[in-house]
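Peer 1: Structure incoming, see below.
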Amino acid sequence: MQKWIMAVLFFGACTFGLVMLIVTSAQPKPEAEPEPQIAVPAVTLDKVAAETVYKQSCLSCHGDQLQGKIGPNLQKAGTKFTEQQLYKLILNGKGGMPAFKSSLKEEEIANLSLWLAEHK
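Take the position in the sequence shown, starting the count at 1, then add 531; the result is the number in our numbering.
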């Protein structure tokens, strides 16, 4: 009799555990919140100005040929990032990269982002 009670309790516990597993895994997972969009100022590409800003602000970390030094290689930045993503990275910085929102004008950052986005 005691074995029978133990078997019923064991079976009941296993069934309860299985039901709980199914119920909790069926719950919808919260979606990640989308990144807030930052408006990129509309600019016409000025390659000379972009190269000047690059030489003054980026060359020491990303190299004279965009080959990367301390910072990553940017020779094909346009295949990895959109203009919007580049703008946000330059504006706010990320990881070891400093933010340039206080040292460059938004139009300079937008022009530099557009110039880098063309490197594919």
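Cβ coordinates follow ideal geometry from the N, Cα and C atoms, glycine included.
Predicted, not measured: the structure shown is a model, and the values here were computed from it.
Give the list of continuous alpha helix (DSSP H) stretches no shorter than 4 residues that lie fully inside the segment 541 to 604.
Peer 2: 578 to 588, 590 to 593
Peer 1: Which residue wins for smallest C-alpha separation from Gly602, given the options Val554, Phe612, Cys589?
Peer 2: Cys589
Peer 1: Suppose you measure from the CA of Asp577 to the CA of Thr555; what does that come to, to the nearest Å?
Peer 2: 55 Å
Peer 1: Kindly identify the DSSP beta-bridge partner or partners of Met537.
Peer 2: Looking at the DSSP assignment, Met537 forms no beta bridge with any residue, so it has no partner.
Peer 1: With DSSP as the reference, label Lys625 as helix, strand or coil.
Peer 2: strand
Peer 1: Assign Lys607 to one of three DSSP states: helix, strand, or coil.
Peer 2: coil
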